[in-house]
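Peer 1: Numbering (full-length UniProt numbering), first residue to last: 1 to 537.
Built from N, CA and C at the ideal position, the CB exists for glycine as well.
Bear in mind that the values here come from a model prediction, so they are computed numbers and not experimental data.
1. So which of 5, 94 and 76 has the shortest CA-CA distance to residue 54?
2. At 4 residues or longer, and completely inside the segment 16-70: list those alpha helix (DSSP H) runs for me, N to C.
3. Going by DSSP in three states, residue 475 sits in which element: helix, strand or coil?
4. Among all the DSSP beta bridges, which residues are the ones paired with residue 240?
5. Since residue 429 and residue 134 are thought to touch, with beta carbons under 8 Å apart, how far apart are those beta carbons, to the nearest angstrom?
6. For residue 211, does the count of other Cβ atoms within 10 angstroms reach 16, so buried, or fall short, so exposed?
7. Where do the ends of the alpha helix (DSSP H) carrying residue 427 lie?
8. Should the segment 271-279 be regarded as contacting the segment 115-123, the criterion being three or more beta carbon pairs within less than 8 Å?
9. Ignore the nearest five residues each way along the sequence and tell me which others in residue 98's own chain have a CB closer than 8 Å to its CB.
10. Give every residue of the same chain whose Cβ lies closer than 8 Å to the Cβ of residue 327, excluding the five residues on either side of it in the sequence, and list them in chain order.
11. Per the contact definition of three or more C-beta pairs closer than 8 Å, is the segment 405-420 in contact with the segment 363-370?
12. Quick check on the DSSP output: the alpha helix (DSSP H) that includes residue 132 runs from which residue to which?
13. Less than 8 Å between the CB atoms is what I'm expecting for residue 289 and residue 313, so what's the real figure, rounded?
14. What residue from 71, 171 and 90 has the CA that sits closest to residue 19's CA?
15. The beta strand (DSSP E) that contains residue 149, what's its start and end?
16. List, from N- to C-terminal side, the alpha helix (DSSP H) runs of 4 residues or more that fit wholly inside the segment 318-362.
17. How big is the Cα-Cα spacing for residue 271 and residue 172?
18. If you follow the alpha helix (DSSP H) that residue 204 is in, where does it begin and where does it stop?
19. Taking the beta strand (DSSP E) that residue 308 belongs to, which residues open and close that run?
20. Run through DSSP, which three-state label would residue 117 get?
21. Note down, in chain order, each residue of its chain lying with its Cβ closer than 7 Å to the Cβ of residue 432, except the 5 sequence neighbours on either side.
22. What beta strand (DSSP E) runs, 3 residues minimum, are completely inside the segment 249-300?
23. Here's the rule: buried if 16 or more other CB atoms are within 10 angstroms of the residue's CB, otherwise exposed. What is residue 519?
24. What residue from 356, 397, 475 and 308 has the CA that sits closest to residue 141's CA?
25. Excluding five sequence neighbours on each side, which residues of the same chain lie with their C-beta closer than 8 Å to the C-beta of residue 58?
26. Look at the alpha carbon of residue 306 and the alpha carbon of residue 262, and state the distance between them as a whole number of angstroms.
27. Between the C-alpha atoms of residue 344 and residue 351, what's the straight-line distance to the nearest angstrom?
28. Quick one: what does DSSP say residue 194 is sitting in, helix, strand or coil?
29. In its own chain, which residues sit with a C-beta less than 6 Å from the C-beta of residue 455, not counting the 5 before and 5 after it?
30. Buried or exposed for residue 488, going by 16 or more other Cβ atoms inside 10 Å?
31. Should residue 143 and residue 248 be called a contact, given that it needs their Cβ atoms to be closer than 9 Å?
32. Can you tell which of 412, 267, 66 and 38 has the C-alpha that lies nearest to the C-alpha of residue 197?
33. Express the C-alpha separation of residue 246 and residue 146 in angstroms, rounding to a whole number.
34. How about residue 390 and residue 416: do their beta carbons lie closer than 9 Å?
35. Which whole-angstrom value describes the C-beta separation of residue 70 and residue 82, a residue pair presumed to lie in contact below a C-beta threshold of 8 Å?
36. With the cut-off set at 9 Å, would you say residue 27 and residue 61 are in Cβ contact?
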């Protein structure tokens with residue numbers, strides 16, 4: 001990678017993209033001033049950034065952060081129940097953005113970050129990782145096998161990054177000497193102050209961790225944790241690490257063979273956990289075995305009694321596992337997750353109902369869409385195929401919201417949740433189909449196969465038709481890929497733009513004239529069809 005060069009165009013672009021509603025840093029310079037005076041400031045700031053980079057020195061005022069404690073759930077008299085929000089200098093953030101943009105471009109172009117890292121990367125999300133993992137586990141069950149997954153707890157991952165270890169890794173990625181030395185200055189001699197009700201505490205020096213609130217910190221953390229992903233079966237979203245292993249088998253295998261296969265699964269997981277423990281020791285990273293979750297994904301009636309060990313602690317196998325905010329049961333279903341989301345949305349809707357007299361109908365609608373509905377739609381493409389009795393309570397919450405808004409004209413434009421889930425699922429598949437995802441996700445999508453339309457089959461009405469995912473169970477058909485491929489193959493050809501355009505595709509899906517008669521407004525795009533009687537539930 002060549003040394004970083006700062007141009008006025010780059011600096012001006014970053015100044016103009018500043019959010020004027022963000023708080024100013026410890027230096028007190030507001031974003032409004034930097035944005036409005038960008039043409040006048042960019043020549044001066046360009047010289048300042050170049051001087052800082054070439055002298056390998058970061059101004060000390062840029063290394064100070066004001067930390068505002070924000071209460072979490074629990075007792076507010078307990079300091080551990082507060083989330084620290086760090087505010088750093090806006091000038092430092094502008095310089096970091098220029099560096100980070102070029103650094104990320106270099107890392108992505110040369111494939112230096114593991115394909116199994118989904119955090120802090122363009123075009124990737126928590127939903128992408130969950131799609132891949134749940135597909136692996138559901139496929140194992142569909143093939144009459146089993147899977148074992150471990151969700152690791154990395155204690156204070158960002159706050160305990162070992163500076164010397166991180167800096168020793170940077171040259172191995174081909175980063176120039178100047179950038180490595182500038183990062184060393186960026187990480188050293190940092191301090192924080194707690195701010196409560198306008199009063200500042202004394203400074204506290206930091207000797208570890210990547211700075212919270214910094215633009216460059218996520219990329220530095222990815223470089224720090226990247227070698228962890230060389231271990232087989234490990235996937236990460238930033239510091240949230242998940243390891244898994246699975247096996248497939250034929251039907252009606254003897255019980256002794258099942259026990260042997262399970263022991264091999266546990267052996268694979270323990271081998272990965274041993275390597276993870278060694279990596280943590282080498283990088284001064286602590287894992288918490290007591291908070292590590294383990295789940296066996298199986299449809300077999302025989303209990304999964306063999307448990308792996310991690311750092312001399314025998315882990316407990318549970319009936320579900322929580323990964324990235326989604327609770328997944330041992331049969332790769334989402335019943336408990338949906339129940340929790342209904343409770344959360346109902347609670348927030350109750351608050352809105354009690355305060356509705358203080359808001360106009362338009363304000364109530366905006367509050368519902370921004371504060372309530374997102375809880376019912378997080379990663380909805382994963383569980384959109386859940387049974388109607390699990391999805392029905394979500395619709396009940398929305399009907400309550402319509403009554404609270406109490407304006408038929410405004411609420412007439414609220415899309416059914418089922419329709420929004422179907423559109424979200426199709427948009428995710430459209431992105432995966434076009435390769436804007438990880439390699440393993442792209443390979444998961446079946447190749448396009450053109451089928452001639454017949455009187456009995458609707459599949460094959462466009463050149464993007466995908467091979468249907470047939471299965472023996474209803475459970476597997478409810479998962480993201482089989483279900484969304486059925487939706488995809490039912491789309492008319494006019495929906496697909498000539499070149500990739502998510503906006504055009506989404507608008508095409510929502511155009512009423514393009515919908516088949518079975519897709520009326522107010523219903524899901526594809527109603528659930530019961531499989532053949534030979535299928536096993």
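Peer 2: Reading it off the structure:
1. The sequence position of residue 54 within the chain shown is 54, counting from 1. Per the Cα distances, 5.
2. 31-36 and 38-55
3. Along the chain shown, read from residue 1 onward, the residue named residue 475 stands at position 475. Of the three classes helix, strand and coil, the one that applies to residue 475 here is helix, per DSSP.
4. On the chain shown, position 240 is the one that residue 240 refers to. DSSP lists 237 as partners of residue 240.
5. For the purposes of this step, residue 429 is taken as residue 429 along the chain shown, with counting starting at 1. For the purposes of this step, residue 134 is taken as residue 134 along the chain shown, with counting starting at 1. In fact, because the Cβ distance is near 14 Å, the residues do not count as touching under 8 Å.
6. Residue numbering aside, residue 211 sits at position 211 when the chain shown is read from its first letter. Buried.
7. The sequence position of residue 427 within the chain shown is 427, counting from 1. Unbroken alpha helix (DSSP H) run through residue 427: 417-433.
8. no
9. Position 98 of the chain shown holds residue 98. For residue 98, where only same-chain residues beyond five positions count, the Cβ hits under 8 Å are 4, 6, 10, 11, 14 and 49.
10. As a working note, residue 327 is residue 327 in the chain shown. 320, 321, 334, 336, 337 and 340.
11. yes
12. As a first step, residue 132 is located in the chain shown; it is residue number 132 there, counting from the start. 126-142 is the span of the alpha helix (DSSP H), which, as asked, contains residue 132.
13. Along the chain shown, one-based indexing puts residue 289 at 289. Along the chain shown, one-based indexing puts residue 313 at 313. Rounded, the Cβ-Cβ distance is 4 Å, consistent with contact.
14. Counting from 1 along the chain shown, the entry for residue 19 is found at position 19. Of 71, 171 and 90, the residue nearest in Cα terms is 90.
15. Within the chain shown, residue 149 is the residue found at index 149, counting from 1. Where residue 149 is concerned, the enclosing beta strand (DSSP E) stretches over 146-152.
16. 335-354
17. Residue numbering aside, residue 271 sits at position 271 when the chain shown is read from its first letter. Residue numbering aside, residue 172 sits at position 172 when the chain shown is read from its first letter. Each residue's alpha carbon lies about 26 Å from the other.
18. For this step, residue 204 is matched to residue 204 along the chain shown. Counting along the chain, residue 204 falls outside any alpha helix (DSSP H), though it belongs to the beta strand (DSSP E) covering 204-206.
19. Within the chain shown, numbered from 1, the residue matching residue 308 stands at position 308. Note, residue 308: premise wrong, no beta strand (DSSP E); not H, not E.
20. Here residue 117 corresponds to residue number 117 of the chain shown, with the count starting at 1. Strand at residue 117.
21. As a position in the chain shown, residue 432 is number 432, starting the count at 1. Excluding positions up to five away in sequence, the list reads 441, 442 and 445.
22. 293-297
23. The residue given as residue 519 occupies position 519 in the chain shown. Confidence at residue 519 is low in this model, with a pLDDT of 44, below 50, so its placement is unreliable and no value can be given for it.
24. The count along the chain shown starts at 1 and reaches residue 141 at position 141. The candidate whose alpha carbon is nearest that of residue 141 is 475.
25. By 1-based counting over the chain shown, the position of residue 58 is 58. Cβ within range, chain order: 52, 92, 182, 185 and 186.
26. Locating residue 306 in the chain shown gives position 306, where the first residue counts as 1. Locating residue 262 in the chain shown gives position 262, where the first residue counts as 1. Going by the C-alpha atoms only, they are around 7 Å apart.
27. Within the chain shown, numbered from 1, the residue matching residue 344 stands at position 344. Within the chain shown, numbered from 1, the residue matching residue 351 stands at position 351. Cα to Cα, the separation comes out at about 11 Å.
28. For the purposes of this step, residue 194 is taken as the residue at position 194 of the chain shown. DSSP places residue 194 in strand when its eight states are reduced to three.
29. By 1-based counting over the chain shown, the position of residue 455 is 455. Confidence in residue 455 is poor, its pLDDT being 48 and thus under 50, which makes the residue's placement unreliable; the coordinate value appears in the next sentence. Answer for residue 455: no residue qualifies.
30. To locate residue 488, count along the chain shown from 1; it is residue 488. The residue in question, residue 488, is buried, as its Cβ has 16 or more Cβ neighbours within 10 Å.
31. For the purposes of this step, residue 143 is identified with residue 143 of the chain shown, where counting begins at 1. For the purposes of this step, residue 248 is identified with residue 248 of the chain shown, where counting begins at 1. Yes.
32. Here the question's residue 197 lines up with position 197 in the chain shown. Of the candidates 412, 267, 66 and 38, the one whose C-alpha sits nearest the C-alpha of residue 197 is 66.
33. Along the chain shown, read from residue 1 onward, the residue named residue 146 stands at position 146. Along the chain shown, read from residue 1 onward, the residue named residue 246 stands at position 246. For residue 146 and residue 246, the distance between alpha carbons rounds to 6 Å.
34. To locate residue 390, count along the chain shown from 1; it is residue 390. To locate residue 416, count along the chain shown from 1; it is residue 416. No; because the gap between Cβ atoms is not below 9 Å, this pair is not in contact.
35. Here the question's residue 70 lines up with position 70 in the chain shown. Here the question's residue 82 lines up with position 82 in the chain shown. About 6 Å separates the two Cβ atoms, so the contact holds.
36. The residue you call residue 27 lines up with position 27 of the chain shown. The residue you call residue 61 lines up with position 61 of the chain shown. It is a contact, given that the beta carbons lie within the stated cut-off.
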